[in-house]
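Below is one structure, written out as structure tokens, with a few remarks after it.
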Amino acid sequence: MSLLEVNDIHVYYGNIHAIKGVSFNVNEGEIVTLIGANGAGKSTTLNTIAGLLKPKSGTITYDGKIITGIQASRVVKHGMALCPEGRRIFQQMTVTENLEMGGFSRPASEIEASIDDVFKRFPRLKEREKQIAGTLSGGEQQMLAMGRALMSKPKILMLDEPSMGLAPILVEQIFDIISELHASGTTILLVEQNAQMALSIADRAYVLGTGTITMSGDANDILHDDRVRAAYLGG
């Protein structure tokens, strides 16, 4: 059974029809990736699932419940968390304060243990727990954004361009962390400009082109598809 089902959603920005009937599903325990060029609608799709945008039509079903158009805070409480494009950490707060904000939907009695769990997964953040988040490096800020999302104990973690702006060695570290999260039981929906890396760790993939899904299937098959290689992987 699918944990997340997106069925024929249409999303507009004013008169601009950004998402044109997108449908896909994510099964429990999978890594599913959405790849495509800039402007294809990948982030818009994630933001719609997360409740930050409302579709004009179509349905989003999570764990058997229709959640289309509900508030973003309720989406988190249902068990989904978005690590947004550009990290969007609270720049003037400390690392620990950022993590506390990520746990807003959890009982206060569980916050300290959840922060400890994040620090075990991201030892670098533990070393900087009292540091102002805006002074962290790009890679550390991405780790913080992911850790903040994990504070809600999501069943599905949605990652929007986690490698954006990072040096190649840091990109590898972030993808290692994503693989570790998956191995520990977290279902992941990944939007990523680095198609090669995304397809190399995903179970299944969907290719998004100007608001519509143009291809879907096993991630390894798509990785070796000549059309995908020509369009996204440099031949």
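When we follow numbering that gives the first Met the number 0, the leftmost residue of the sequence shown carries the number 0, and every step to the right adds one.
From the three backbone atoms N, C-alpha and C, an ideal C-beta is built for every residue, glycine too.
For K19, the secondary structure class from DSSP, reduced to helix, strand or coil, is strand.
Setting aside the 5 residues that flank it on each side, E160 is surrounded in the same chain by E84, V190, E191, Q192, each with a C-beta closer than 7 Å to its C-beta; the list follows chain order.
When secondary structure is reduced to three states using DSSP, T43 falls in the helix class. In the three-state scheme derived from DSSP, where H, G and I count as helix and E and B as strand, N219 is classed as helix. Its chain contains D7, H9, T211 as the residues whose beta carbon lies nearer than 7 Å to that of G20, once the 5 sequence neighbours on both sides are disregarded; these appear in chain order. Around S56, the same chain offers H9 as residues with beta carbons nearer than 6 Å, after the five sequence neighbours per side are excluded.
For the options G78, M150, G138, E139, the alpha carbon positioned closest to that of S108 is the one of M150. In this structure, the CA atom of D115 is about 33 Å from the CA atom of I59.
Approximately 17 Å separates the beta-carbon atoms of I88 and A49; this is outside 8 Å, ruling out the contact. Going by beta carbons, L124 and G102 fall outside the 8 Å limit. Contact check for L45 and M157: beta-carbon distance about 5 Å, within the 8 Å limit, so the pair qualifies. Look at N24 here: in three-state DSSP terms it is strand.
If you compare the alpha carbons of T134, I65, A148 with that of R120, the shortest gap goes to A148.
In the three-state DSSP reduction, D62 falls in the coil class, being neither helix nor strand. In this structure, the beta-carbon distance from R203 to G216 falls below 8 Å.
According to the DSSP assignment, G208 belongs to the beta strand (DSSP E) that extends over 203–208. When Cβ pairs closer than 8 Å are counted between the two stretches, the segment 136–143 is seen to touch the segment 163–170, the count reaching three or more.
Residue nearest to I65 within the set A197, L2, I155, K154 is L2 (criterion: CA-CA distance). Between V94 and the set H77, T67, E128, D62, the nearest pair of CA atoms involves E128. DSSP places I155 inside the beta strand (DSSP E), whose first and last residues are 155–159. By alpha-carbon distance to T134, the top candidate from K152, I173, Q91 is Q91. Between M100 and I155, the C-beta gap is not smaller than 8 Å, which leaves the two residues out of contact.
DSSP, reduced to helix, strand and coil, places L3 within a strand of the structure shown. Contact between G35 and G208 holds, with the beta-carbon distance rounding to 6 Å and staying under 8 Å. Counting every other CB atom within 10 Å of its CB across the protein chains shown gives I187 a total of 16 or more, marking it as buried.
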